[in-house]
Amino acid sequence: MLFQICLVMLKNPGDAEDAVQDTLLRYLQKAPNFENAEHEKAWLITVAANRCRDMKRFFVRHPQTNLEEIHAYACRPEDNGLLDTLLELPDKIRIVLVLYYVHGYQTAEIAKIIGKSASAVKMRLFKGRKLLKKQLEKEEWLYE
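FYI, full-length UniProt numbering numbers position 14 of the sequence shown as 14, with every residue one higher than the one before it.
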């Protein structure tokens, strides 16, 4: 029942599952005392609906682009594998790689942008290259 309510409100099965899980976690954490089963059911529905509203508000304030839309911006279709691999990297490494290789910023400029030292940027570039190489080699092996 909770899943159906959340699915109708959020229109996405994954988000609905998250909302139900959050609702049940709140139920376990609060451990409220209910007068009867109907009161408990009403409480769960209210919490689930509120969680769905919170999630919808978050999505409006923080829009996200799905992977297909990102692929549409790739210069060449064969770059999509690299793009997928790049998206799997940790945020702090990915942003440095994108700023350096895609947008052409120098390490000192990137350091100012992200609020880190130039040596930290160089280290993230090094780690990023290493992770990309490792991941791409792994993917090539899978397709051979």
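Even glycine gets a Cβ: it sits at the ideal position worked out from N, Cα and C.
Residues of its chain near residue i, where Cβ-Cβ distance is below 8 angstroms and the 5 sequence neighbours each way are ignored
i	result
V96	I110, I114, V121, R124, L125, G128
P13	L7
R53	M9
Reduced DSSP secondary structure (H/G/I, E/B, other) of residue i
i	result
Q106	coil
M123	helix
K116	coil
M1	coil
L136	helix
L131	helix
L89	coil
Residues near residue i by beta carbon distance below 6 angstroms, same chain, minus five either side
i	result
A118	T107, A108, A111
Rounded C-alpha distance that separates residue i from residue j
i	j	result
L136	T85	7 angstroms
L10	K56	7 angstroms
Q4	N36	23 angstroms
G104	K134	23 angstroms
L99	K92	11 angstroms
F58	N33	30 angstroms
L131	R61	32 angstroms
R51	A42	14 angstroms
Contacting residues, own chain, Cβ-Cβ under 7 angstroms from residue i (five flanking each side not counted)
i	result
A48	L2, I5, C6, A19, V20, T23
R26	V47
E40	F34
Next on the checklist: Please give me, in chain order, every unbroken run of the beta strand (DSSP E) with length at least 3 that falls completely inside the region 11-40.
Outcome noted: None, since the region 11-40 contains no complete beta strand (DSSP E) of that length.
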